Amino acid sequence: MPRLTSAERERAIGRLEAGDTPEAVAATFQCHISTIYRLLQRFVITGSTADVERSGRPRVTTPRQDRHIFRSHVAHPFSTAAETARTVIGTHQAPISRQTASRRLRFRGLRNCRPARGPVLTVRHRQARLHWAQGHLNWNNVCWQNVLFSDESRFCIDHADGRVRVWRRSGYRYADNCVVENNSWGRPNLMLWGAIGHNQVLGPVIFQGLGPGPGNGVTAQRYMDQVLHPHVLPFFQAHGNWVFQHDNARPHTTRATQDLLHRSGIQVMPWPALSPDMNPIEQFRDLLQTQLNRVVPRPTTVADLDRAVRQAWTTITRQASNTLVRSMHRRCQAVIDANGGHTRY
1 MPRLTSAERE RAIGRLEAGD TPEAVAATFQ CHISTIYRLL QRFVITGSTA DVERSGRPRV
61 TTPRQDRHIF RSHVAHPFST AAETARTVIG THQAPISRQT ASRRLRFRGL RNCRPARGPV
121 LTVRHRQARL HWAQGHLNWN NVCWQNVLFS DESRFCIDHA DGRVRVWRRS GYRYADNCVV
181 ENNSWGRPNL MLWGAIGHNQ VLGPVIFQGL GPGPGNGVTA QRYMDQVLHP HVLPFFQAHG
241 NWVFQHDNAR PHTTRATQDL LHRSGIQVMP WPALSPDMNP IEQFRDLLQT QLNRVVPRPT
301 TVADLDRAVR QAWTTITRQA SNTLVRSMHR RCQAVIDANG GHTRY
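With UniProt numbering applied, the sequence shown has no gaps in its numbers, which climb one by one up to 345 at the end.
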């Protein structure tokens, strides 16, 4: 039979205090008479009708084992709860369950999350990133408003979704031992170039003539013919005091590309290697990907993807790009705080 609610318990005690017999009260609430006797006994002893706190199931781990589980995952955050559980013998003389290990970790503030992904940063890369951030930390928004940030982006019809998890505390998403470092170069479908600045958006430029074989990627000649000559050079002829930013990809650093920019009088911003998080156009690309994810039905051909990308590009506002440009001071500070390591950007 169902348990008595809190209101029914209070009413039952009131009936007993009014002089009703336990049998009559039990008949009124359609419960066993022993229930009324236990309720009366609890009320006499505790002065309350609420349930007495129970001890619950005995814990199968000791406080020392709880600390061991927590510290092992702080030191090795990519270990799974199941692996840890197999190494801990509980008080019942058997390995604890995966659920028990997970509960101990959650109680200490660790959550099972997907790890952040970033490039492989060597000591030299970290030092270069830190030096660059320190040199540009004092730039104000007016300085950054005269920088044109550019990059190429690859968009695929489908993309893999990793399922690796990491145990970490809140605020440790970009700690070095919680980031999956990888060299990302997925299946090519469509490559585009774009650039953003304060109140300026250039592109998208969909590269033509690319193929899957060697030598069919973005070469220096394609970069000059399809990007620099038709888009970048005319922009800097109209905005002579601006600075051009592009990363250290091979088409950007060849002698022919550098000579063309030098002859055109375009000032190029030095850029540390493996630093996509310091380029605000990466978040512009994320905004574009978000718009593409909303396309229904999903593009099934490169031509469909081309049309979807161009349409999604027009939906991103100038206010969004200006906000990204204004984030440069925070990006520099984040790199300094991380001592040249990974940041949340």
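Positions of the beta carbon are idealized from the N, C-alpha and C atoms, including for glycine. Here the structure is a predicted model, which is why all the values come from computation and not from measurement.
Three-state class that DSSP yields for Asp-277 in the structure shown: Your numbering for residue 277 matches position 277 in the sequence shown. Looking at Asp-277 - three-state DSSP - the assignment turns out to be helix.
Beta-ladder partner(s) of Pro-95, from DSSP: In the sequence shown, residue 95 corresponds to position 95, counting from 1. Paired residue(s): Ile-89.
Residues that DSSP places opposite Leu-110 in a beta bridge: As a working mapping, residue 110 is identified with position 110 in the sequence shown. According to DSSP, Leu-110 bridges with Arg-169.
Rounded C-alpha distance that separates Arg-114 from Cys-31: As a first step, residue 114 must be located in the sequence shown, where it is residue number 114. As a first step, residue 31 must be located in the sequence shown, where it is residue number 31. Taking the straight line joining both Cα atoms gives about 51 Å.
Extent of the continuous alpha helix (DSSP H) run through Met-328: Numbered from 1 along the sequence shown, position 328 holds the residue referred to as residue 328. Segment 328-337, the alpha helix (DSSP H) holding Met-328.
CA nearest to the CA of Ala-133, picked from Arg-250, His-342, Ile-336 and Arg-38: Counted from its first residue, the sequence shown places residue 133 at position 133. Checked all of Arg-250, His-342, Ile-336 and Arg-38; the closest Cα to Ala-133 is Ile-336.
Selected residue, minimal CA-CA separation from Pro-2, among Pro-22, Phe-155, Gly-19 and Ala-26: Locating residue 2 in the sequence shown gives position 2, counting from the first residue. Comparing Cα positions, the closest option is Ala-26.
Reduced DSSP secondary structure (H/G/I, E/B, other) of Gly-19: As a working note, residue 19 is residue 19 in the sequence shown. Coil, per DSSP.
Separation of Asp-66 from Gln-289, as counted between CA atoms: Sequence index remark: in the sequence shown, residue 289 carries index 289 (1-based). Sequence index remark: in the sequence shown, residue 66 carries index 66 (1-based). Each residue's Cα considered, the two are about 42 Å apart.
Close-in-space but distant-in-sequence residues of the same chain around Glu-53 (CB under 7 Å, 5 per side omitted): In the sequence shown, the residue the question calls residue 53 occupies position 53. So no residue of the chain qualifies.
Arg-98 versus Tyr-174: straight-line alpha-carbon distance, rounded: The residue you call residue 98 lines up with position 98 of the sequence shown. The residue you call residue 174 lines up with position 174 of the sequence shown. Computed Cα separation, rounded: 26 Å.
Cα-Cα separation between Cys-156 and Arg-165, rounded to whole angstroms: Counting from one through the sequence shown, the residue named residue 156 turns up at place 156. Counting from one through the sequence shown, the residue named residue 165 turns up at place 165. Approximately 24 Å, taken between the alpha carbons.
Own chain residues within Cβ distance below 7 Å of Pro-77, not counting five before or after: For the purposes of this step, residue 77 is taken as residue 77 along the sequence shown, with counting starting at 1. Counting only Cβ-Cβ distances below 7 Å, and skipping sequence neighbours, we find Val-166, Trp-167, Arg-168, Asn-177 and Cys-178.
Trp-193, enclosing beta strand (DSSP E) - first and last residue: Here residue 193 is taken as the residue at index 193 of the sequence shown, counted from 1. It spans 190-197 - the beta strand (DSSP E) in which Trp-193 sits, taken as one unbroken run.
Selection from Pro-119, Thr-317 and Ile-45 that minimises the alpha carbon distance to Val-180: Looking up residue 180 in the sequence shown gives position 180. Of Pro-119, Thr-317 and Ile-45, the residue nearest in Cα terms is Pro-119.
Asn-322 versus Thr-91, Phe-149 and Arg-64, residue with shortest Cα-Cα distance: By one-based count along the sequence shown, residue 322 stands at place 322. Nearest option by C-alpha distance: Phe-149.
Residues of its chain near Gly-109, where Cβ-Cβ distance is below 8 Å and the 5 sequence neighbours each way are ignored: Residue 109 sits at position 109 when you count from the first residue of the sequence shown. Contacts found: Arg-169 and Ser-170.
Rounded straight-line distance, which links the Cα of Ala-128 to that of Pro-188: In the sequence shown, residue 188 corresponds to position 188, counting from 1. In the sequence shown, residue 128 corresponds to position 128, counting from 1. Because Pro-188 sits at a pLDDT of 45, beneath the cut-off of 50, its placement in the model cannot be relied upon, and the following sentence gives the value as read from the coordinates. Looking at the two C-alpha atoms, the distance is approximately 30 Å.
Coil, strand or helix - Asp-151 by DSSP: As a first step, residue 151 must be located in the sequence shown, where it is residue number 151. The three-state secondary structure of Asp-151, taken from DSSP, is strand.
For Arg-64, the residue or residues it bridges with in DSSP: Against the sequence shown, residue 64 aligns to sequence position 64. Looking at the DSSP assignment, Arg-64 forms no beta bridge with any residue, so it has no partner.
Run of the beta strand (DSSP E) containing Ala-116, from where it starts to where it stops: Here residue 116 refers to the residue found at position 116 when the sequence shown is read from its first residue. Taken as a continuous stretch (DSSP letters only), the beta strand (DSSP E) holding Ala-116 covers 116-118.
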